[in-house]
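Below: one structure, written as structure tokens.
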Amino acid sequence: MSTLVEQLIQTEAHKSVFESAVRQLPLPVCAAFGSSGSPQAVGFSNTARVLSTRDSDGVRAQFPQSVAASGNVVLTSAGPGSTRVQGKRVAVLFSGGPAAGGHNVVCGIKRVLGAGNTLFGVKAGPKGLLKGSLFEITDANVDFIINTGGFDFLGSDRTKIKSDEQFAQVRETCIKHNLDAIVVVGGDDSNTNAAVLAESLFTGVKADGSGVQVIGVPKTIDGDLQVGDLLAISFGFDTATRIYSEMVGNILQDTSSSLKYWHFVKLMGRSASHVALEVALQTKPAITLISEEIAARKESLASIIDRVAQVIVERSHKGMNYGVLLAPEGLIEFIPEMNAMIAELNDVLAHHVAEFAALADDAKPAFVGSRLSPDNANLLASLPHYIVNMLLAERDSHGNLQVSLIPTEQLLIDMAKQRVRELDPAVPFAAHSHFLGYEGRCGAPTLFDAAYTYNLGLTAGSLILDGRTGYMATITGLSSGGVPQAIPLAGLLNIERRHGKDEFVIEKALVKMDSPAMQYFVSRREAWAAGDLFTSPGPRQFWGPTTHQLPISVALNSGADALMFNIG
Ligand code: FBP
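So the sequence shown is numbered by our numbering: it starts at 15 and just counts up by one.
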């Protein structure tokens, strides 16, 4: 074999030149953890902040032990933690969609637990917890997964732990592996699950009557798990939006080079439009639809299409028969008439599960249509088959419509084409559709996500050593050194209608119309529509001038003076 072939084979199995190099990148830690070389656990004390939601009374009744213990008070790091805690057995699992930095959470927990405690990985998410699929994580594992993207070290899934039988299975796993604590790395639904687990495992799991601690870690590329200044952003958002921004920047460059195409790009982010807004701020395309604004304005589908078509026609009259439109993945659920129809549809589906499942696919639209109110039935019938099929597709285990499967970008193209023709038949309109989603979730974490997640892991591990349960780890002060803190999960819960039933949930943080990021976007979008002001931010950097950037929307919303994060 030639030397080059040998070298190439050596790069197999996550040992590319790049992967080997990023493993060596040093990670800064918050001052509270001491030196970055050997970070130490911190202890926690109460702050003066107590969390409450509109459904706090109901939460207190349903989560009595968690609320009594935490008082829904936010915790902050307070000096070194106890170094005498030994022998704890902790399990960590990933839940929901992957997000860059998950591996560093595991590394942070392992480092802070040290040699005196044991960390187990749960294979394939909550389902693995039910089955008891656990394995011990070693220091060698940590050295190998540090700074790498994806969740492939453990795997993930979307199982919601809700039935008595499932809770009994979790208890069995805890007893079988003699667990003291579980860390759930997940989004709003998974952290809701963590709150429920914390209450259910609060006491009486082990022979001595003690319970199992449960700590959440805020993950989701969607960026919709935010708690004001206590949680500026979930991890994974920065990496995903930087990857999408590079791709959109490249497409923008192509449109103004080839001068003949529109590109309609749907961006991941199940409900909220944070991803679309961030990518718009990074790249400045001609049109960006923000779902929350459409809902706030009660804008109909026809009016959205008219708005889009007007821009296409106006640009064409200036000689620009090209451009880029960004649409958030969850758009369809925010258009008022669609939202009302989907809500009724969800109820119909929830009440006819078995009957519906037994039907042939082509009989499903008529079955549902006959059970909807006339307006909603007409709306459903007016939609193209590729949208109807996906609206009727199976919900995930949390009751969510699988918006990543709905080709909204194609619907927008088809409807815009018709409207452009009506407005000015001479305007040429050739469009390509794209969905940028899975491409962005598992990239190697940006330095922000890498450092943030490592510190989140150190915080989660410290909370366990400090004997806490029912909290979500967070790092505040991302531009000023970083402070490990803990948010009481029960203090975030509200009641929402899911699967046709009321359930306790952590509400998704949507884009706020009066947020600085949205206001800035609104102040610039007409100029972006009228001309070619786009930018191509290029690839995310691990070495170089943009290495230490915060997401633009996070920097604007948190009132930062500059675009740089500062942890350590
Ligand atoms: P999480 O909320 O679990 O982080 O997942 C978010 C997400 O990436 C959404 O943006 C997208 O709609 C969804 O996952 C896709 O889910 P799946 O991986 O099951 O196709």
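The beta carbon of each residue, even a glycine, is placed where N, CA and C say it ideally should be.
Please read these numbers as outputs of a predicted model, since none were measured by experiment.
Of the heavy atoms belonging to ligand 1, at least one sits nearer than 6 angstroms to the Cβ of T234. Bounds of any alpha helix (DSSP H) do not take in Y485; it lies within the beta strand (DSSP E) bounded by 485-490.
The region 535-550 makes no contact with the region 429-436; the number of CB pairs closer than 8 angstroms stays below 3. Assignment of N131 by DSSP, reduced to helix, strand and coil, places it in the coil class. Excluding five sequence positions before and after L339, the CB atoms of its chain that fall closer than 6 angstroms to its own CB belong to F278, I301, given in chain order.
Contact check between the region 500-520 and the region 82-95: three or more CB pairs, one atom from each, fall below 8 angstroms, which counts as touching. A distance below 7 angstroms separates the beta carbons of A294 and F535. For F108, the pairing in a beta bridge is given by DSSP as S170, V199. P439 counts as exposed, since fewer than 16 other beta carbons sit within 10 angstroms of its beta carbon. Between M527 and the set S567, E521, E510, the nearest pair of CA atoms involves S567. K233 sits in a strand when the DSSP states are folded into three classes.
If you keep only unbroken beta strand (DSSP E) runs of at least 3 residues inside the region 34-59, you get nothing at all. Under the three-pair Cβ rule at 8 angstroms, the region 129-139 does not count as touching the region 220-233. Distances from the CB of S418 to the heavy atoms of ligand 1 include at least one below 6 angstroms. Inter-residue distance for Q54 and G230 is about 20 angstroms (C-alpha atoms, whole angstroms). Taking non-hydrogen atoms of ligand 1 into account, the C-beta of G237 is found less than 6 angstroms away from none of them. Linking E213 to V228 through their CA atoms gives a straight-line distance of about 9 angstroms. Taken from the Cβ of M282, at least one heavy atom of ligand 1 lies inside 6 angstroms. E313 and A323 have their C-alpha atoms spaced approximately 15 angstroms apart.
With contact defined as three or more Cβ pairs closer than 8 angstroms, the region 65-78 and the region 162-169 are not in contact. Burial check for A523: the Cβ neighbour count within 10 Å reaches 16 or more, so the residue is buried. One Cα belongs to V226, the other to E517, and the distance between them is close to 24 angstroms. I160 is bridged by DSSP to nothing; it lacks a bridge partner. Runs of alpha helix (DSSP H) with 4 or more residues, each lying fully within the region 345-407, are found at 345-348, 350-365, 367-372, 378-383, 388-396, 399-405, listed in chain order.
The alpha carbon of R539 has as its nearest neighbour, out of Q416, L303, L406, P140, the alpha carbon of L303. Going by beta carbons, V198 and S109 fall inside the 7 angstroms limit.
With fewer than 16 other Cβ atoms inside 10 Å of its own Cβ, N60 counts as exposed.
The Cβ atoms of K378 and L406 sit closer than 7 angstroms to each other. A286 and V120 do not touch by the CB rule: their CB atoms are close to 26 angstroms apart, not below 8 angstroms. By the beta-carbon neighbour count (other beta carbons within 10 angstroms, threshold 16), W276 is buried. Judged by DSSP secondary structure, L266 falls within the alpha helix (DSSP H) whose first and last residues are 251-272. Relative to ligand 1, G111 has its C-beta within less than 6 angstroms of a heavy atom. For A92, the enclosing beta strand (DSSP E) starts and ends at 87-94.
Collapsing the DSSP output to three states places W276 in a strand.
In the DSSP assignment, I509 forms a beta bridge with F518.
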